[in-house]
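Okay, so the sequence shown: first residue is 1 according to full-length UniProt numbering, each after it adds one.
No residue lacks a Cβ here, since even glycine has one placed at the ideal position from N, Cα and C.
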Amino acid sequence: MYEYKEMQGVIDYIEEHLDEDMCVDMLAEMGMLSKFYFQRLFYKLVGVTVMEYVRLRRVARASEDIKDGRKITDIAFENGFNSLETFTRAFKSVYSMTPSEYKKKEIPLAHFYKPDLSLKYRAVDIGVPLVASGVVIEFGVKEIKEDVKLVGIVEECEMGVAGQDTPGVAWNKYVEVKSQIPDQSDVKVECGISFPSEKQGKFNYLASVQVDRFDSNDDRLHQYVVPKGLYVVCTFSAENFFELTNAALDKAMAYLLQTWLPNSDYDMISDFAVEYYDYRCLKDHPIPQQVQSAPVDIIKNPPEMDIMVMVKRK
1 MYEYKEMQGV IDYIEEHLDE DMCVDMLAEM GMLSKFYFQR LFYKLVGVTV MEYVRLRRVA
61 RASEDIKDGR KITDIAFENG FNSLETFTRA FKSVYSMTPS EYKKKEIPLA HFYKPDLSLK
121 YRAVDIGVPL VASGVVIEFG VKEIKEDVKL VGIVEECEMG VAGQDTPGVA WNKYVEVKSQ
181 IPDQSDVKVE CGISFPSEKQ GKFNYLASVQ VDRFDSNDDR LHQYVVPKGL YVVCTFSAEN
241 FFELTNAALD KAMAYLLQTW LPNSDYDMIS DFAVEYYDYR CLKDHPIPQQ VQSAPVDIIK
301 NPPEMDIMVM VKRK
């Protein structure tokens, strides 16, 4: 039986050699599979074709260098593109803008992150931590006994493996209006809610705070109710706030929905997922003035947060 570890080795090699020429034949040989079966298995495990993965990881890494003020041509060649034109086309196809446009704009990006394939094969019990690359995940179950009222900013997002970070846009807009939201229950607790859109290929994302009652007539604000009931809580940590809310969040969400729940004693019955942010995730926040200070004993620990979904026992 083919072990996912061999394919993980190929992925590790790609990550370490993104600035070099690669071809499917070479990578298939490294994975000890025929070209046909290698491509088929890679797509099944990773979710994109192997050369699309190379392209997505190259533009993701290059995007981190663009804001530094260096020449875009140099960045293109340093990240494995053989011309500025090729890099520009690849960047625009993923992020819907050119590298030059991104350099001038304050638009957050959502990247395709390097996967840890072990997360597809390891199902852990409640209360047992799972340690994977860049993330520690643990599961619990809790009952929410009263409906939770949320108010914030909602943005419609494109479904896809990478692109502009529309949830990040929602959070930026939310920060601007948070002080104007009345009847907040706890200003130190915030929630991000992913829920369905009426448009195909899209979903809605709400950046919000809990309130005691709905009494705002502000058209900019969206109201949402998280219903009382039984919830699975996926708690995860990472080395810093950026990793927590980007790569670690993606890994934890995928593991919860694709691996843990199908192998658990629970079925998801909600069409939404809750990202729960409190004092635990504040360490190393990139914009410290926007958050409260965490207790000293928490600062000693890595940032962590929760994802919650409503469930019933199977």
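Leaving aside the five residues that flank D212 on each side, the residues in its chain whose CB is nearer than 6 Å to its CB run, in chain order, D183 and S185. Here DSSP, grouped into helix, strand and coil, assigns D25 to helix. Burial check for Q164: the Cβ neighbour count within 10 Å reaches 16 or more, so the residue is buried. For the pair I181 and V209, the CB atoms are nearer than the 8 Å cut-off.
Taking 8 Å as the cut-off, the Cβ atoms of E158 and N204 do not count as close.
The beta carbons of M310 and F236 sit about 19 Å from each other, so the pair does not count as a contact at 8 Å. Cβ-Cβ distances below 6 Å link K103 to I66 in the same chain, with the five nearest sequence neighbours on each side left out; the list follows chain order. When DSSP assignments are scanned along the region 130-215, the uninterrupted stretches of beta strand (DSSP E) that are 3 or more residues long and fall wholly within it turn out to be 130-132, 135-144, 148-158, 190-196 and 202-211. In this structure, DSSP gives E275 an extended state, which the three-state scheme calls strand. The shortest C-alpha to C-alpha distance from V151 to any of E106, H222 and Y113 is the one to H222. When DSSP states are grouped into helix, strand and coil, V309 belongs to the strand group.
Annotated as distal: V135 and G47, with beta-carbon spacing of 8 Å or more. Straight across, the Cα-Cα distance linking I107 with N263 is about 38 Å. C-alpha of S63 to C-alpha of P99: approximately 8 Å in a straight line. Taking the Cα positions, D21 is about 43 Å away from I153. Spatial neighbours of G168 in its own chain (CB-CB distance under 7 Å, excluding positions within 5 residues in sequence) are listed in chain order as P108. Contact between D147 and P196 is absent: CB atoms are separated by about 19 Å, not below the 8 Å threshold. In the displayed model, Y255 falls within a helix according to three-state DSSP.
Taking C-beta atoms as the reference points, A90 and V59 count as a pair closer than 8 Å. Taken through DSSP and simplified to helix, strand or coil, M7 comes out as helix.
Comparing alpha carbon positions, the residue from R220, M97 and K142 closest to A170 is R220. With fewer than 16 other beta carbons inside 10 angstroms of its own, T86 counts as exposed. Boundaries of the alpha helix (DSSP H) harbouring T88: L84 to Y95, taken from the DSSP string. In this structure, the CA atom of K188 is about 29 Å from the CA atom of K105.
When beta bridges are read from the DSSP output, E304 appears opposite S237.
With respect to the 8 Å criterion, C234 and A252 are classified as neighbours on the basis of their beta carbons. Within 10 angstroms of the beta-carbon of V50 lie 16 or more other beta-carbons, which makes it buried.
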